[in-house]
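Trainee: Take a look at this one; I'll ask things after.
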Amino acid sequence: MSYASHIIHHSKKLRNAPNLLRQEQALLVRFFSHDAQPSIDIWKAHRHSYVPSERARVCRSFSSTTKSLSGTFTRDVSTTMKLGNSLSGSVSNKQLSCMQVQLRRGFSSDAALPPHQELGMPSLSPTMSEGNIARWLKKEGDKVSPGEVLCEVETDKATVEMESMEDGYLAKIVRGDGTQGIKVGEVIAITVEDEEDIAKFKDYTPSASGAGAAAAKESPEPTPPKKEVVVEPVTSPEPKVSKPSAAAPSGDRIFASPLARNLAEEHKVPLSSIKGTGPDGSIVKADVEEYLASRGKEAPKAKGGAPAASALDYTDIPHSQIRKITASRLLLSKQTIPHYYLTVDTCVDRLMDLRGQLNALQEASGGKRLSVNDLVIKAAALALQKVPQCNSSWTDDHIRQFHNVNINVAVQTENGLFVPVVRDANKKGLSSIAEEVRQLAQKARENSLKPEDYEGGTFTVTNLGGPFGIKQFCAIINPPQSGILAVGSAEKRVVPSSGPEQYKFASFMSVTLSCDHRVIDGAIGAEWLKAFKGYIENPESMLL
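Set out below in structure tokens:
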């Protein structure tokens, strides 16, 4: 009874329970009925940041005090609402077990701790299994309100802000700045309702109650007693490795086969040191070979600890979250997607002339200059619109063809490779694409991309030509997409001329399309490249 009183006096929610009982009579009748499902609207107790382990702990707390609490609830309900026989007795353990599914308030099992809320590592992207704490924006003791940013969490794709879901005070930061490898649901902080309760969590650790205890409770069955394994002496056959035996007396004859003698003389091995396994103890070729092998294994031991080569000097660089997810996705792509590659050279003379004209107009109007990559993105988007089979994705049941043309653009940063997305690139102008790519690239370098900035792409463009001068390369498909375009550098070549001059100079750019053969057949991939080349070599058509 003392524990129930402690909960009621310390929780704002339970201190208002009598008023709630008087106001919500009909709802409480349904709530305490055996046939009704508990309603979340009664208690409004859902907390987005609670870890699943809270359910089990709250259940145990309520179950352990069912007897005392049930009497309190029964008196309040019977005097206020006069519900009759259905509430005249105690609230059953079964009803309280159902109630704990909705009530996720973090009551501590230790009576010395006031009611508190354990904030778990949230799942901030579909593929996130663990995250890192980049930095805390709130300090211990700070007041928090709904919508305020508590900390920055580094996910498998970007750094995302974690917001508070309710009013309270940040009592304890369990995982500080820079903590890595925190599993989704693991406790990272504690909040309380009343400011005077903050000091009580100074030495709080979640191992006693919370994620640590929950992890132990997830496998409640005791470990089976270790069976006494009777270690029987292993009767392994004696190895055939010949062991040096005492030298035979000079008068005794050593029997050996001709091959064994020749091999022993070649390696300068005295036959007296080899034990024969042939007929009547004679030495055969296999005995000599095994002796030589055993002597080779013993040689390093005899030399002592002298290193065979000088020690290497190196530095171990920890994996970042973006590096981990990039590695796993690329490995999955190469192992599960049947890649094939198509390469074509495109003349970019007219493209460069158009770019110069457009940049002159942009500068005159105060706009930003266009890059070759902006024109490539536009040409790729229009080619996807023209050949929609390449704007598709493979699933186990069907091929999903997308009606939106969303182009991911590969951006290399110090933190790793990011692929922000330009949505509906086929419907946007060149200046809009250029501005959006510039903003997304800046966000990627600052590691501030949000999930909506990189999710939902249907095709990817990666360019190593302009920044690095790579002539041609093959890119790995970004799943679940079915194609990626690798853009090389433009170079001047001598080509035959149809005019009076026999030869002329022209600039050509190599592009390679990587295709998923499950979705894009060779002829379809070639058709897409033909459409792309047409837009590059006749860039005015992109403006129509």
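In our numbering, the protein residues as written are 446 to 989. Note that beta-carbon positions come from the ideal geometry of N, C-alpha and C, so glycine has one too. Only a predicted model underlies this, so the values are computations on that prediction, with no experimental measurement involved.
#1: Here's the rule I'm using: 16 or more other beta-carbon atoms within 10 Å means buried, otherwise exposed. How should residue 837 be labelled?
#2: Can you tell me which of the three DSSP states residue 483 falls into?
#3: Please classify residue 406: does DSSP put it in a helix, a strand, or coil?
#4: Taking the runs of the beta strand (DSSP E) that are 3 residues or longer, which of them lie wholly in the segment 828 to 868?
#5: So, helix, strand or coil for residue 982, using DSSP?
#6: Is residue 599 buried or exposed, if buried means 16 or more other CB atoms sit within 10 Å of its CB?
#7: Alpha carbon to alpha carbon, what distance is there between residue 880 and residue 872?
#8: Please confirm if the segment 815 to 824 is in contact with the segment 797 to 805, defined as three or more CB-CB distances below 8 Å between the two stretches.
#9: Have a look at residue 596 and residue 901 and give me their C-alpha separation to the nearest angstrom.
#10: Measuring straight from C-alpha to C-alpha, what distance separates residue 688 and residue 724?
#11: Closest to residue 936 by CA distance: which of 960, 812, 793, 593 is it?
#12: Let's see if you can read the secondary structure: which residues bound the beta strand (DSSP E) around residue 908?
#13: Where do the ends of the alpha helix (DSSP H) carrying residue 931 lie?
#14: Provide the residue span of the alpha helix (DSSP H) that contains residue 773, from first to last.
#15: Counting Cβ pairs, one atom from each stretch, are 3 or more of them under 8 Å apart for the segment 902 to 918 and the segment 951 to 970?
#16: Taking the CB atoms as reference points, tell me whether residue 633 and residue 573 lie closer together than 9 Å.
#17: Give every residue of the same chain whose Cβ lies closer than 7 Å to the Cβ of residue 984, excluding the five residues on either side of it in the sequence, and list them in chain order.
#18: Spell out a yes or no on whether the segment 847 to 865 and the segment 886 to 903 are touching, meaning 3 or more CB-CB pairs, one atom from each, closer than 8 Å.
#19: List the residues that DSSP assigns as beta-bridge partners of residue 577.
#20: Is residue 707 buried or exposed, if buried means 16 or more other CB atoms sit within 10 Å of its CB?
#21: Taking the alpha-carbon of residue 791 as reference, which of 925, 975, 768, 953 has the nearest alpha-carbon?
#22: From which residue to which residue does the beta strand (DSSP E) around residue 558 run?
#23: Spatial neighbours of residue 1020 within its chain, please: CB distance less than 8 Å, with the 5 preceding and 5 following residues excluded, ordered by chain position.
#24: Per DSSP, what kind of secondary structure is residue 790 in: helix, strand or coil?
#25: With 16 other CB atoms within 10 Å as the buried threshold, where does residue 712 fall?
#26: Helix, strand or coil for residue 747 per DSSP?
#27: Would you identify the three-state DSSP class for residue 976, choosing helix, strand or coil?
#28: So the alpha helix (DSSP H) residue 899 belongs to, where does it begin and stop?
#29: Go ahead and pull the three-state DSSP assignment for residue 948.
#30: With distance defined between alpha-carbon atoms, name the residue in 582, 810, 986, 593 nearest to residue 823.
#31: Tell me whether residue 630 is buried or exposed, calling it buried when 16 or more other Cβ atoms sit within 10 Å of its Cβ.
#32: Taking residue 558 as the reference, give the member of 579, 898, 644 with the closest Cα.
#33: How would you call residue 683, buried or exposed, if buried means at least 16 neighbouring beta carbons within 10 angstroms?
#34: Determine the DSSP secondary structure at residue 953, reduced to helix, strand or coil.
#35: Report, in whole angstroms, the separation of the C-beta atoms of residue 702 and residue 719, which I expect to be a contact under 8 Å.
#36: Would you mind stating whether residue 778 and residue 923 have Cβ atoms separated by less than 9 Å?
Mentor: The structure says:
#1: Taking the first residue of the sequence shown as position 1, residue 837 is located at position 392. Flag for residue 837 reads buried.
#2: Your numbering for residue 483 matches position 38 in the sequence shown. With a pLDDT of 44 at residue 483, under the threshold of 50, the modelled position of that residue is not reliable, and no figure is offered here.
#3: Because the chain spans 446 through 989 in this model, residue 406 falls outside it and cannot be assessed.
#4: Runs found: 837 to 839, 844 to 846, 852 to 854, 856 to 858, 861 to 863.
#5: By one-based count along the sequence shown, residue 982 stands at place 537. In this structure, residue 982 counts as helix in the three-state DSSP scheme.
#6: By 1-based counting over the sequence shown, the position of residue 599 is 154. Under a 10 Å Cβ-count criterion, residue 599 is classified as buried, with 16 or more other Cβ atoms of the shown protein chains found around its own Cβ.
#7: Start at 1 with the first residue of the sequence shown, and residue 872 comes out as number 427. Start at 1 with the first residue of the sequence shown, and residue 880 comes out as number 435. Whole-angstrom Cα-Cα distance: 15 Å.
#8: The segment 815 to 824 vs the segment 797 to 805: in contact.
#9: Counting from one through the sequence shown, the residue named residue 596 turns up at place 151. Counting from one through the sequence shown, the residue named residue 901 turns up at place 456. Those two C-alpha atoms are separated by around 26 Å.
#10: As a working mapping, residue 688 is identified with position 243 in the sequence shown. As a working mapping, residue 724 is identified with position 279 in the sequence shown. Bear in mind that the predicted position of residue 688 carries a pLDDT of just 41, short of 50, making it unreliable; the figure below should be weighed with that in mind. Here the C-alpha atom of residue 688 lies approximately 18 Å from the C-alpha atom of residue 724.
#11: The residue given as residue 936 occupies position 491 in the sequence shown. For residue 936, the nearest C-alpha among the options comes from 793.
#12: Translated into positions along the sequence shown, residue 908 becomes position 463. Residue 908 -> beta strand (DSSP E) spans 904 to 908.
#13: Along the sequence shown, one-based indexing puts residue 931 at 486. First-last for residue 931: 928 to 941, but that is the beta strand (DSSP E), not the alpha helix (DSSP H).
#14: In the sequence shown, residue 773 corresponds to position 328, counting from 1. Note, residue 773: alpha helix (DSSP H), 766 to 781.
#15: The segment 902 to 918 is in contact with the segment 951 to 970.
#16: Here residue 633 is taken as the residue at index 188 of the sequence shown, counted from 1. Here residue 573 is taken as the residue at index 128 of the sequence shown, counted from 1. No. Outside cutoff.
#17: Counting from 1 along the sequence shown, the entry for residue 984 is found at position 539. Here the set comprises 795, 796, 799, 820.
#18: Yes, they touch.
#19: As a working note, residue 577 is residue 132 in the sequence shown. Residue 577 pairs with 599.
#20: By one-based count along the sequence shown, residue 707 stands at place 262. Around the Cβ of residue 707, a 10 Å sphere holds fewer than 16 other Cβ atoms; the residue is exposed.
#21: As a working mapping, residue 791 is identified with position 346 in the sequence shown. Of 925, 975, 768, 953, the residue nearest in Cα terms is 953.
#22: Mapped onto the sequence shown, residue 558 falls at position 113. First-last for residue 558: undefined, no H or E at that position.
#23: Shown here, the chain extends from 446 to 989; a query on residue 1020 therefore has no answer.
#24: Here residue 790 is taken as the residue at index 345 of the sequence shown, counted from 1. If DSSP states are grouped into helix, strand and coil, residue 790 belongs with the strands.
#25: As a position in the sequence shown, residue 712 is number 267, starting the count at 1. Residue 712 should be labelled exposed.
#26: One-based indexing of the sequence shown puts residue 747 at position 302. Bear in mind that a pLDDT of 42 at residue 747, under 50, signals an unreliable position, so the number given afterwards is only what the model happens to contain. Of the three classes helix, strand and coil, the one that applies to residue 747 here is helix, per DSSP.
#27: Taking the first residue of the sequence shown as position 1, residue 976 is located at position 531. When secondary structure is reduced to three states using DSSP, residue 976 falls in the helix class.
#28: By one-based count along the sequence shown, residue 899 stands at place 454. 896 to 899 is the extent of the alpha helix (DSSP H) around residue 899.
#29: For the purposes of this step, residue 948 is identified with residue 503 of the sequence shown, where counting begins at 1. Note: residue 948 maps to strand in three-state DSSP.
#30: The count along the sequence shown starts at 1 and reaches residue 823 at position 378. Measuring from the Cα of residue 823, the nearest candidate turns out to be 986.
#31: Position 185 of the sequence shown, counting from 1, holds the residue named residue 630. A buried status is given to residue 630, since no fewer than 16 other beta-carbon atoms sit within 10 Å of its beta-carbon.
#32: Looking up residue 558 in the sequence shown gives position 113. Taking only the C-alpha atoms, the option nearest residue 558 is 644.
#33: By 1-based counting over the sequence shown, the position of residue 683 is 238. Per-residue confidence for residue 683 stands at a pLDDT of 45, beneath the threshold of 50, marking its modelled position as unreliable; no derived number is given.
#34: Along the sequence shown, one-based indexing puts residue 953 at 508. Three-state DSSP puts residue 953 in a strand.
#35: As a position in the sequence shown, residue 702 is number 257, starting the count at 1. As a position in the sequence shown, residue 719 is number 274, starting the count at 1. About 12 Å separates the two Cβ atoms, so there is no contact after all.
#36: The residue you call residue 778 lines up with position 333 of the sequence shown. The residue you call residue 923 lines up with position 478 of the sequence shown. Closer than 9 Å, so yes.
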